[in-house]
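There are 2 protein chains.
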Amino acid sequence: MIKALLFDIDDTLYDSTTLAEMARRNSVKAMIDSGLPFKDEQELYEKLLHIIKTFGSNYPRHYDELLRYLNIPWNPKIIAAGIVAYEHTKFGYLKPFPGVIPSLIRFREKFRLGVVSNGIAIKQWEKLIALGLSHFFDVFVTSGEAGVEKPSVEIFTLTAEKFGLDPRECVMIGNKLDVDITGAGNAGMGTIWFRREENAYLKHEGKGPDYIIESFFELIPLIEKITQ
Amino acid sequence: MIKALLFDIDDTLYDSTTLAEMARRNSVKAMIDSGLPFKDEQELYEKLLHIIKTFGSNYPRHYDELLRYLNIPWNPKIIAAGIVAYEHTKFGYLKPFPGVIPSLIRFREKFRLGVVSNGIAIKQWEKLIALGLSHFFDVFVTSGEAGVEKPSVEIFTLTAEKFGLDPRECVMIGNKLDVDITGAGNAGMGTIWFRREENAYLKHEGKGPDYIIESFFELIPLIEKITQ
């Protein structure tokens with residue numbers, strides 16, 4: 016019997032990919048507008064992606080490193096322009112996917128709700144709070160606090176333990192097959208894959224998802240069907 | 016002959032005091048809303064002010080320190096709630112004082128414009144950019160980069176040098192008598208005090224301001240009068 020629903024955050028509860036792309040593209044435009052001597056926005060955007068890949072997405076000085084990479088002297092105006100454009104764009108894009116809030120309101124009537132997320136605890140809570148979703152969840156597990164990342168079985172069993180439940184009483188909903196679905200499946204949980212890319216299915220290895228949805232609006236009838 | 020106008024940022028170009036108070040009060044409410052076991056908002060706000068005073072306003076972990084001070088275990092949800100409320104409130108309050116933009120547009124026709132600010136260069140640029148004012152200024156001097164703070168004469172002479180001007184060709188506009196006005200006056204600049212508090216005048220020592228305004232709308236006619 017299903018007693019808890021667990022959710023991934025990024026690209027499951029909100030469109031993290033679009034947020035990151037738009038915020039980075041706007042930061043590039045703002046840096047050019049503030050005097051960065053570079054005309055090709057697309058090329059500069061790709062160089063920024065290279066820096067983010069090299070230093071990791073949580074590194075706090077991407078724009079400093081970008082200037083260094085371009086052999087441009089450190090310039091606080093240009094760096095500040097990148098930061099402000101990123102933050103202001105984030106503010107606009109940090110909204111739940113359509114269907115998320117009504118689904119969570121409905122699910123709260125019958126299930127306990129949790130979040131299992133790879134990332135830094137404060138950063139992931141900031142997202143849930145800015146999304147207006149923090150009050151829906153009883154249990155919140157991040158890899159930063161757990162010391163182990165999805166798809167490790169341990170992070171899922173830890174989450175079930177926090178609920179005082181058996182993993183078989185939990186269903187994990189996430190967008191990444193090899194992270195959310197494989198890991199939760201190996202832990203004995205039910206799995207629902209939020210498929211956001213057409214061909215993503217071809218890429219996974221191991222046990223596939225129990226169910227597939229392509230939007231949050233499909234989740235309420237699916238959960239009602241499998242919990243009858 | 017006056018060739019350049021220099022401005023302070025905080026509480027001169029925008030209402031920094033109100034922003035900080037509202038952002039901190041909203042962060043306190045959000046932390047209580049996220050489970051901080053404390054009922055008295057005013058008392059918690061005062062404890063937060065104590066932490067900010069103790070660690071300095073640029074310290075990045077005020078909310079962590081507040082929990083420690085209250086003997087409450089570290090809690091990423093509560094800390095994130097404080098951060099998000101602060102940032103979202105800041106976003107709403109970071110607007111120029113009435114009259115700032117039309118004044119700067121007008122002054123650009125006849126003068127070169129600069130900023131002289133105590134603070135960290137990137138943080139101060141972030142404010143100017145978020146305010147939409149960064150393109151008005153040719154010269155930008157922060158204590159962080161200059162290695163010396165207002166009211167030192169050096170930071171004002173450095174600013175005049177960056178313009179290639181004599182300090183006597185510059186006028187400083189700022190809200191703090193003992194920081195902006197005394198310092199610029201000692202450097203030989205003209206001074207206009209943006210008086211925001213009724214009784215602030217009583218507090219200063221040394222040479223007083225050449226002129227006093229109480230809103231930015233008074234600045235255009237004053238500058239026109241003294242530069243005729």
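As they're listed, the protein sequences go chains V and C.
For the first sequence, the residue numbers in my numbering are 16 to 243.
For the second sequence, the residue numbers in my numbering are 16 to 243.
Beta carbons are placed, not taken as given, at the ideal position from N, Cα and C, and that holds for glycine.
Locate the beta strand (DSSP E) running through residue i, then write down its first and last residues.
| i | result |
| --- | --- |
| C:Ile-228 | 226-228 |
| V:Leu-20 | 19-22 |
| V:Thr-206 | 205-209 |
Rounded to the nearest angstrom, what separates residue i and residue j at their Cα positions?
| i | j | result |
| --- | --- | --- |
| C:Glu-233 | C:Ile-66 | 38 angstroms |
| V:Ile-47 | V:Asp-195 | 38 angstroms |
| V:Thr-157 | C:Trp-208 | 51 angstroms |
| C:Gly-223 | C:Ala-100 | 40 angstroms |
| C:Ile-227 | C:Val-154 | 24 angstroms |
| C:Asp-193 | C:Leu-85 | 36 angstroms |
| C:Ala-19 | C:Asp-181 | 10 angstroms |
| C:Asn-41 | C:Lys-138 | 21 angstroms |
| V:Pro-117 | V:Ile-188 | 16 angstroms |
| C:Ser-230 | C:Thr-27 | 10 angstroms |
| V:Tyr-78 | C:Glu-164 | 26 angstroms |
| C:Ala-145 | C:Ile-235 | 24 angstroms |
| C:Leu-59 | V:Glu-160 | 27 angstroms |
| V:Val-115 | V:Leu-237 | 14 angstroms |
| V:Asp-225 | V:Ala-136 | 29 angstroms |
| C:Lys-240 | C:Leu-143 | 28 angstroms |
| C:Pro-52 | C:Thr-242 | 59 angstroms |
| C:His-150 | C:Gly-134 | 19 angstroms |
| V:Phe-22 | V:Tyr-29 | 11 angstroms |
| V:Glu-141 | C:Phe-152 | 34 angstroms |
| C:Ile-24 | C:Thr-197 | 17 angstroms |
| C:Met-16 | C:Arg-183 | 8 angstroms |
| V:Lys-62 | V:Arg-211 | 26 angstroms |
Under a Cβ-count criterion, where at least 16 other Cβ atoms within 10 Å of its own Cβ denotes burial, should residue i be classed as buried or exposed?
| i | result |
| --- | --- |
| V:Glu-124 | exposed |
| V:Thr-69 | exposed |
| V:Ile-120 | exposed |
| V:Arg-39 | buried |
| C:Gly-162 | exposed |
| C:Lys-191 | buried |
| V:Gly-200 | buried |
| V:Ile-94 | buried |
| C:Trp-89 | exposed |
| C:Gly-147 | exposed |
| C:Lys-54 | exposed |
| C:Glu-166 | For clarity, residue 166 of chain C is Pro in the given sequence; the question names Glu instead. Under this definition C:Pro-166 is a buried residue. |
| C:Pro-91 | buried |
Could you spell out the range, first to last residue, of the alpha helix (DSSP H) harbouring residue i?
| i | result |
| --- | --- |
| V:Phe-70 | 56-70 |
| C:Val-238 | In the sequence on display, residue 238 of chain C carries Ile and not Val. Its alpha helix (DSSP H) spans residues 234-241. |
| C:Gly-50 | Unbroken run through C:Gly-50: none, as it is neither H nor E. |
| V:Gly-200 | 197-201 |
| V:Asp-25 | That residue, V:Asp-25, is in no alpha helix (DSSP H); it is neither H nor E in DSSP. |
| C:Leu-82 | 77-84 |
### Query
Which runs of the alpha helix (DSSP H) spanning at least 4 residues fall entirely within the region 101-184 of chain V, listed in chain order?
115-123, 136-145, 158-161, 168-178
### Query
Should the region 33-41 of chain C be called in touch with the region 103-120 of chain C, which here means at least 3 C-beta pairs below 8 angstroms?
yes
### Query
Hey, is the region 199-215 of chain C in contact with the region 160-173 of chain C, meaning 3+ C-beta pairs nearer than 8 angstroms?
yes
### Task
Flag this pair as touching only if the region 174-191 of chain C and the region 129-145 of chain C have three or more C-beta atom pairs under 8 angstroms; answer yes or no.
yes
### Task
Could you tell me whether the region 72-84 of chain V touches the region 107-115 of chain V, using the rule of 3 or more Cβ pairs below 8 angstroms?
no
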